[in-house]
Amino acid sequence: MQEATQTNPSADQRLIVESIGSASPGLAGVLASQLGMPPAQVANALYKAPAVLIDKLPMPHAQGLAEILSKAGLDIRIEPSQGPAPRTSSSLDIALYVHDPACLASCCERLARFLGCPAAAVQNMLLAPPGVILGDVSQATAEALRRLLDDLPVELVCSARQQARYSLFIDRQQGTSLNSLLGDLQRMGIDADAAGTLSGAELDHQQGQYLWRRHQSAGGLRLLDKAFMRYDLVLEQTTPDSCLEQLPSLAGLPADLIPCVIDNLPVVVEEGISAQQLQARLSAWRDAGMPVRAQLVSLRCCQLIIDACPQPALCQQWLQAAGLLDASEPRLNLPWQSALLFGELLPRWLQSGLDSLDAEYRFEDSPHGRD
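In terms of our numbering, the sequence shown opens at residue 732 and continues consecutively.
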């Protein structure tokens, strides 16, 4: 807790939330009840710190409340009410990329405490592409979240709303709703063909929100912040000029696997490359004489087929944990096929569990929902 230097101890004071610190935003409901304030107002101060939580308090009350809130984990500062209010920081949207799906459970448990919601709800957020966990929050909240997850193999990606650029993905049949959307795009100066295919078009925040509000109710529309996009790099062929000796360092694999890679082209040589890293990775492969194709995986759509598993009961539990099987089903009948799976984390998480069970399985990609 910080206190401003006082020249007039009798002057009214305000409590400033500097950062959510180690507290949970779930604290907002408790604080709102105790302070007689709207929950949204309290939550806004926590998520968008630095922000004014309470204003015009006598010094003794301000000090007492600050001490209680500090013990709850908040970073609190006291300052005179007549001073300038804290400057509003940039509004951030935050997504989480899980590098190692084996840590998903631990990640969900920590985020559940931080967000004040069930771990199952956090898992659903992470499995829904592109894994956005918080929106319209401040840099202070992002830093608190980064400290919480610092020792886990995950990557926090922050995007400033006002500077964000979005890609629009359209999957609609010919008809009135598609024509209305195409008309709005044309008026914005954005080219799209009759099927709704956009060639590299970018939308700013205002354009994206306008289109989303007007057209999302008809379905078949995805708006994705480009900062949150992830790509796999696919090596499709090599030539006599390819520097194959660089393949292990570029792909992060043992040198003795080079013949196996070459014999099985096309092969994914890098997974989950961020939009920020993409051009540098493409250049590195191109300089080595092995141009690769970037394949957007954030909107991957596939089906899981399990042919056999020596531990069917554990396999059933894994599928139930993923939300693919109802807990009331008596047994897992193999071979088994899932409904369509969306995103890239869910298949990787399923793969990690099925490998541990020595299951025989495969994923079949579908063109539905892909770029």
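All C-beta atoms in this analysis are idealised placements derived from N, C-alpha and C, irrespective of residue type, glycine included. Please read all numbers here as calculations on a predicted model, not as lab measurements.
Residue state for E1095 is assigned as strand, using DSSP reduced to three classes.
For D922, no alpha helix (DSSP H) encloses it, and the DSSP letter there is neither H nor E. The closest CA to that of L1035, considering only A1070, G1054, S1029, is found on A1070. Secondary structure of Q937 (DSSP, three-state): helix.
Setting aside the 5 residues that flank it on each side, M856 is surrounded in the same chain by I864, each with a C-beta closer than 6 Å to its C-beta; the list follows chain order. Secondary structure remark: continuous beta strand (DSSP E) runs of at least 3 residues inside the segment 878-905, in chain order: 885-891, 896-901. Counting only runs of at least 3 residues, the segment 812-849 fully encloses the following beta strand (DSSP E) elements, listed from N- to C-terminal order: 823-829. In the three-state reduction of the DSSP assignment, V1028 falls in the coil class. The C-beta distance from P884 to D831 rounds to 4 Å, short enough to meet the 8 Å contact threshold. Cβ neighbours of C839 within its own chain (closer than 6 Å, five residues either side excluded): A850, V853, Q854. Between I785 and L796, the beta carbon gap of about 7 Å places them in contact (Cβ cut-off 8 Å).
Within the DSSP bridge table, the entry for F1073 names C1032 as partners. Taking K787 as the centre and dropping the five residues before and after it, the same chain places the C-beta of D743, S812 closer than 6 Å to its C-beta, in chain order.
Shown here, I747 sits in a strand according to DSSP, grouped into three states. Taking all protein chains in view, the Cβ of R1093 is surrounded by fewer than 16 other Cβ atoms within 10 Å, so the residue is classified as exposed.
In the displayed model, A782 falls within a strand according to three-state DSSP.
Going by DSSP, S908 is part of the alpha helix (DSSP H) stretching over 907-918. Linking Q1010 to I799 through their CA atoms gives a straight-line distance of about 49 Å. Inclusion of V868 and A958 in the CB contact set at 8 Å is not warranted, their separation being larger than that value.
Rounded to the nearest angstrom, the gap between the Cα atoms of P979 and A986 is 5 Å. Secondary structure of Q765 (DSSP, three-state): helix. A buried status is given to D956, since no fewer than 16 other beta-carbon atoms sit within 10 Å of its beta-carbon.
DSSP places L996 outside both helix and strand once states are collapsed to three, so it counts as coil. Beta-carbon to beta-carbon, I807 and V748 are separated by about 6 Å, close enough to satisfy the 8 Å threshold. Every beta strand (DSSP E) stretch that sits fully inside the segment 956-990 and reaches 3 residues is listed by chain position as 961-966.
For G866, the enclosing beta strand (DSSP E) has its first and last residue at 863-868. In this model, R745 and S898 are separated by some 42 Å (Cα to Cα).
Annotation: L1081 to A895 spans about 31 Å, alpha carbon to alpha carbon. The alpha carbon of A982 has as its nearest neighbour, out of Q968, V998, T970, A859, the alpha carbon of V998. By the criterion of at least three beta-carbon pairs nearer than 8 Å, the segment 1041-1053 is not in contact with the segment 1013-1031. Pairwise C-beta distances place the segment 768-775 out of contact with the segment 811-830, as fewer than three of them are shorter than 8 Å. Rounded to the nearest whole angstrom, the C-alpha separation of Q1047 and C834 is 20 Å. The shortest C-alpha to C-alpha distance from L954 to any of P971, T969, L929, S973 is the one to L929.
For A1006, DSSP records no beta bridge to any residue. In the DSSP assignment, C1046 falls within the unbroken alpha helix (DSSP H) covering 1043-1052.
When the alpha-carbon of A803 is set against those of I825, E967, Q1008, S755, the nearest one is in S755.
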